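Peer 1:
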Amino acid sequence: SGSMESVDPTSQINRARQLVNLAGPQPERVEATANELSAAQAAVAQWVGTDADRSLRTARLLEQTLDLHEHAGDGDCPVCGQGRVDAAWRNDAQQQVAELQRAASVAAAAQRRLKDAQASVAELIRLPDVFVSGAVSWPVDVNQLRVSWLALSQVDELVEDEVGPALITRAAAVHAAAAAVAGAADAWIRDHEDAWRPVAEPLTAWLVGARAAVASKPQVAALKEAEKWLSSLGDELRAERFIPIESHAV
Numbered sequence: 001s002g003s004m005e006s007v008d009p010t011s012q013i014n015r016a017r018q019l020v021n022l023a024g025p026q027p028e029r030v031e032a033t034a035n036e037l038s039a040a041q042a043a044v045a046q047w048v049g050t051d052a053d054r055s056l057r058t059a060r061l062l063e064q065t066l067d068l069h070e071h072a073g074d075g076d077c078p079v080c081g082q083g084r085v086d087a088a089w090r091n092d093a094q095q096q097v098a099e100l101q102r103a104a105s106v107a108a109a110a111q112r113r114l115k116d117a118q119a120s121v122a123e124l125i126r127l128p129d130v131f132v133s134g135a136v137s138w139p140v141d142v143n144q145l146r147v148s149w150l151a152l153s154q155v156d157e158l159v160e161d162e163v164g165p166a167l168i169t170r171a172a173a174v175h176a177a178a179a180a181v182a183g184a185a186d187a188w189i190r191d192h193e194d195a196w197r198p199v200a201e202p203l204t205a206w207l208v209g210a211r212a213a214v215a216s217k218p219q220v221a222a223l224k225e226a227e228k229w230l231s232s233l234g235d236e237l238r239a240e241r242f243i244p245i246e247s248h249a250v
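If you count by my numbering, then the sequence shown holds residues 1 to 250, one letter each, in order.
1) Assuming Val48 is part of the alpha helix (DSSP H), what are its boundary residues?
2) Just verifying my parser: in three-state terms, what is the DSSP assignment at Val85?
3) With burial defined as no fewer than 16 other Cβ atoms inside 10 Å of the residue's Cβ, what is the status of Ser261: buried or exposed?
4) Tell me, please, which residues DSSP counts as bridged to Gly75.
5) For the candidate residues Glu28, Pro218, Gln26, Thr50, whose alpha-carbon lies nearest to that of Ala103?
6) With H, G and I counted as helix, E and B as strand and the rest as coil, what does DSSP make of Asp116?
7) Looking at Ala16: is its Cβ nearer than 8 Å to the Cβ of Trp188?
8) How is Asp129 classed by DSSP in three states: helix, strand or coil?
9) Output yes or no for whether 8 Å exceeds the beta carbon distance between Val121 and Leu37.
10) Determine the contact status of Ile168 and Ala40, defining contact as a CB-CB distance below 8 Å.
11) For Ile13 and His192, which I take to be in contact (beta-carbon distance under 8 Å), what is that distance rounded to the nearest angstrom?
12) For Gln265 and Ala177, which I take to be in contact (beta-carbon distance under 8 Å), what is that distance rounded to the nearest angstrom?
13) Return the Cβ separation of Arg126 and Ala151 in integer angstroms, given the expectation that the two are a contact with Cβ distance under 8 Å.
14) Note down, in chain order, each residue of its chain lying with its Cβ closer than 6 Å to the Cβ of Val140, except the 5 sequence neighbours on either side.
15) Shortest alpha-carbon distance to Val21 belongs to which of Pro128, Ser55, Gly209?
16) With DSSP as the reference, label Ser3 as helix, strand or coil.
17) By Cβ distance below 6 Å, which residues in the same chain neighbour Val142 in space, the five residues on each side in sequence not counted?
18) Using three-state DSSP, classify Gly24 as helix, strand or coil.
19) May I ask which residues mark the beginning and end of the alpha helix (DSSP H) holding Val147?
20) I need the DSSP call for Pro139, collapsed to helix, strand or coil.
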């Protein structure tokens, strides 16, 4: 919210500057990410149910069983409950995995492309830290921006073919809300700078003088020491000058 009660003005100015610099996802990047996601989904769909897809699924199942055998040792087959999972089976299974992966290389490439596209989406929709850290008093209203960004961060929970279009529309809402908040925060900063300027200018001048005074302290101390030394030297010289007079008087 925009509440200002019992809030440190300095922290509010810093938060306002955060909002000025808080830009939403760039539309060009959003569109490119959505297009790549759709293309990757289509590439994977092309291989679903094919021999390559079945080979890939079988290879993954064998890899999981190999991993289990590595950690648990010899035993009954965890898939069918029959047969023995041992060193001989392991050698044969490793050869099968290699052959199946070669047969499924195109399908595997499509799966990797989809995984990379999904990672790009996850990076794009991540909720900013400023909205994750809990209740914060902002100098301007950020409710619409927070709601829009929260909706964007949940876009990957939709049905697969709805993610791309929703990414574009929700990111556009965030971009517009972020621009509005940035404008309001910038105006808030300028208003408060105008209010502080009559105090800030003489205070700045005083600080310059104060810094100079602090910097000159060692010189003042040295001058005082020199003054004491000169005074002492003067006393000694006067005393030496009166010695002949005192000797004649005696």
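Positions of the beta carbon are idealized from the N, C-alpha and C atoms, including for glycine. Note that the structure is a prediction, hence the values are computed from the model and not measured.
Peer 2: So, to answer that:
1) Neither: Val48 is in no alpha helix (DSSP H) and is coded neither H nor E.
2) strand
3) Beyond the ends of the chain as shown, which are 1 and 250, falls residue 261; an answer cannot be given.
4) Val85
5) Thr50
6) helix
7) yes
8) helix
9) yes
10) no
11) 7 Å
12) With the chain running from 1 to 250 in the structure shown, residue 265 is simply not present.
13) Not really, about 13 Å apart at Cβ, beyond 8 Å.
14) Gly2, Ala184, Ala185, Trp188
15) For the sequence presented, residue 21 should be read as Asn rather than Val. Taking only the C-alpha atoms, the option nearest Asn21 is Pro128.
16) Because the pLDDT of Ser3 is 41, which lies under 50, any placement of that residue in the model is unreliable, and the number read from its coordinates should be weighed accordingly. Coil.
17) Val181
18) coil
19) 143-153
20) coil
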